[in-house]
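To keep things clear, I will list the structure first and then write my remarks on it.
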Amino acid sequence: MKQVTIDRMPNGKEITIPAEVNEKNFDQQIKRFIEIADSRLFDGQLHLSLFRTCHGGQWTLKILDAVIRELLNPSIDLRLSQDRGKLLPFFEHQRARHETMSDDEFRFSDNKPMLPI
Numbered sequence: 434m435k436q437v438t439i440d441r442m443p444n445g446k447e448i449t450i451p452a453e454v455n456e457k458n459f460d461q462q463i464k465r466f467i468e469i470a471d472s473r474l475f476d477g478q479l480h481l482s483l484f485r486t487c488h489g490g491q492w493t494l495k496i497l498d499a500v501i502r503e504l505l506n507p508s509i510d511l512r513l514s515q516d517r518g519k520l521l522p523f524f525e526h527q528r529a530r531h532e533t534m535s536d537d538e539f540r541f542s543d544n545k546p547m548l549p550i
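Numbering (the numbering used here), first residue to last: 434 to 550.
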């Protein structure tokens, strides 16, 4: 399994939502999405909505697709309290939900002064 380390802010806190999403930190986003949802599904849903507010639907859907692939074919070492398969229905539902919603519903803006958080 691939070891993925989450970037940290200068104060040492893990970055939950980065200022930019790119191929370099893409695996970090997969890890964050899954581990947050594993902790509490409600927190996972909130994280998805905040992420979409900050980065839009294109990145959100791309990461959700990758999360589903990761749950089906594990390649990243994750700290989970439950079997990956139990998280799959949640992420499939979120993928379908986000596919039908517009960025306007999340007040998405290219202006991201608060990031990273």
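Just so you know, even glycine gets a beta-carbon here, dropped at the ideal spot from N, CA and C. It should be emphasised that the depicted structure is a prediction, and the values quoted were computed from it without experimental measurement.
**Item:** Whole-angstrom C-beta distance between Q461 and D440, which should lie under 8 Å
**Value:** 6 Å
**Request:** Starting from the C-beta of L494, find all residues in its chain whose C-beta is less than 8 Å away, skip the five residues before and the five after it, and write them out in chain order.
**Result:** R528, H531, E532
**E538 versus L483 - alpha carbon distance** = 12 Å
**Prompt:** Using CA coordinates, which residue listed in S508, G490, I509 is at the minimum distance from S535?
**Reply:** G490
**Item:** Assigned secondary structure, I509 (DSSP; H/G/I helix, E/B strand, else coil)
**Value:** strand
**Message:** Can you tell me where the alpha helix (DSSP H) holding G445 begins and where it ends?
**Reply:** It is not in any alpha helix (DSSP H) - G445 carries neither H nor E in the DSSP assignment.
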